[in-house]
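**Student:** I have a structure I would like to understand better, so I am pasting it below and will then ask my questions one at a time.
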Amino acid sequence: MSDTIERIKCLIIGSGPAGYTAAIYAARADLKPVLYTGMEPGGQLTTTTEVDNFPGYPDGVDGPTMMVQLQQQAERFGTQVRIGMVTSVEFSDEVGGIHKVVVDNKTELEAETVIISTGATAKYLGLPSEQRLRGGGVSACAVCDGFFYKGQDVAIVGGGDTAAEEATYLSNICNKVTMLVRKGEMRASKAMQHRVTAAKNIELRYNTEVDEVLGDMVVEGLRMKNNLTGEKEEIAITGLFIAIGHTPNTEIFKGQLDMDDTGYIITEGKSTETNKPGVFASGDVQDKEYRQAVTAAGTGCMAALDAERYLAAVESKEEVEA
Ligand code: NDP
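Shown next as structure tokens:
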């Protein structure tokens, strides 16, 4: 029965910096936001230790603390934060249309606007030693964690633009960077490759993969394997950066929202508008280039402002037609 279904003015999906910032702005604009946290409340930052690059924290802050504070700030203005996973959606094509959403495969909801902030998940190699040492020297974000390895020897895995950019970033901080590329060539753009080869302290290893990450509690070394010769070699390192790509969390939106060929949601120009009226996307789910907490928060703010403007336009259209 439709009259028993809850109608939400502004539904936010996802609880990273983008989702919570959207919630803060939407709540202050009286859009009465309801935010569903997803499987990993707080998002990717809850798996980070220290966040040193978010403006306004001169002494840094640990990721989980920052996410709790963002949640508290969103709740202070009236956001309802609910634990739950949006499992399916049916977006309307009409301006002013109602979007249908199902939570945890059972609860149906209706929403006038939807802000998608479901983020992206870093890919890992899947080796047991890599998984065991996540947070103990294995990281998927050089910009977040590289600083902790100042003056030390590290390694990075991947041959795309992210790996090339992060290897260059690390080369400015660390003593030596060993870069493992599984093929005989890099996938990164020529310009990015040039930056890697120009850095004196990056040693490029082609056709090379990680055989095992060494160390009990923290990373102490790496056993590499040449995938042409089968030859193995151990090196001493304190940090291992995995830069083999991210997967945007967009599975449930496929077929409804325009996405690029890697699954990132396409937004219109400088806005957060998707191809469905009243549906907005913010944070890593629509950004494969910058992927920072502060840029995600910025687009979360934009999404709430876009939703507010959209609702105002729908309301004035309805008044004119009445
Ligand atoms: P990509 O998918 O482009 O590259 C992933 C890299 O990781 C490839 O070299 C791939 O190897 C390698 N890889 C994948 N799986 C494994 C594995 N199991 N073991 C070892 N290596 C593996 O991801 P990126 O994150 O680099 O880039 C994503 C998108 O974002 C791209 O379109 C990129 O251009 C863009 N980007 C742009 C930037 C910029 O313009 N400044 C900065 C960062 C990203 P293989 O080649 O063998 O498949």
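For the sequence shown, this note's numbering begins at 116 and goes up steadily by one. Glycine included, each C-beta is placed from N, C-alpha and C at the ideal position.
Say whether the stretch 331-343 touches the stretch 212-228, bearing in mind that this needs 3 or more beta-carbon pairs closer than 8 Å, one atom from each stretch.
**Tutor:** These segments do not touch.
**Student:** Under three-state DSSP, which class holds K347?
**Tutor:** On the sequence shown, residue 347 is found 232 positions in, with the first residue counted as 1. Strand at K347.
**Student:** Please tell me whether V325 and M307 are closer than 8 Å, where the distance is taken between their beta carbons.
**Tutor:** Numbered from 1 along the sequence shown, position 210 holds the residue referred to as residue 325. Numbered from 1 along the sequence shown, position 192 holds the residue referred to as residue 307. Not closer than 8 Å, so no.
**Student:** What do you get for P170, buried or exposed, if any count of 16 or more other CB atoms within 10 angstroms of its CB means buried?
**Tutor:** For this step, residue 170 is matched to residue 55 along the sequence shown. Label assigned to P170: exposed.
**Student:** Could you tell me which whole beta strand (DSSP E) segments of length 3 or greater appear in the stretch 183-208?
**Tutor:** Entirely contained in the stretch 183-208, the beta strand (DSSP E) runs reaching 3 residues are, in chain order, 195-197 and 201-205.
**Student:** Please find out if some non-hydrogen atom of ligand 1 comes closer than 7 Å to the beta-carbon of H361.
**Tutor:** In the sequence shown, residue 361 corresponds to position 246, counting from 1. Indeed, a heavy atom of ligand 1 lies less than 7 Å from the Cβ.
**Student:** For F192, collect the residues of the same chain with a Cβ closer than 7 Å to its Cβ; drop the 5 residues on either side in sequence, then sort them by chain order.
**Tutor:** Start at 1 with the first residue of the sequence shown, and residue 192 comes out as number 77. Cβ within range, chain order: I139, A142 and R143.
**Student:** Let's see if you can read the secondary structure: which residues bound the beta strand (DSSP E) around D268?
**Tutor:** Translated into positions along the sequence shown, residue 268 becomes position 153. Start and end: D268 to V272.
**Student:** Ignoring anything shorter than 4 residues or poking outside the stretch 287-333, list the alpha helix (DSSP H) runs there in chain order.
**Tutor:** With a minimum length of 4 residues, the continuous alpha helix (DSSP H) runs that stay inside the stretch 287-333 are 305-313.
**Student:** Short of 6 Å in beta carbon distance, which residues of its chain neighbour T323, apart from the five on each side in sequence? Order them along the chain.
**Tutor:** Taking the first residue of the sequence shown as position 1, residue 323 is located at position 208. Taken in chain order, the residues that qualify are L295, M339 and N341.
**Student:** Measure the CB-CB distance between K349 and G370 and report whether it falls below 8 Å.
**Tutor:** Translated into positions along the sequence shown, residue 349 becomes position 234. Translated into positions along the sequence shown, residue 370 becomes position 255. Residue identity check: residue 349 is Glu in the sequence provided, not Lys. No; because the gap between Cβ atoms is not below 8 Å, this pair is not in contact.
**Student:** Check for me: the alpha helix (DSSP H) holding E433 runs from which residue to which?
**Tutor:** Translated into the one-based positions of the sequence shown, residue 433 becomes position 318. First-last of the alpha helix (DSSP H) with E433: A408 to E436.
**Student:** Could you tell me the distance, in whole angstroms, from the CA atom of T414 to the CA atom of G398?
**Tutor:** Here residue 414 refers to the residue found at position 299 of the sequence shown. Here residue 398 refers to the residue found at position 283 of the sequence shown. Distance between the alpha carbons of T414 and G398: 6 Å.
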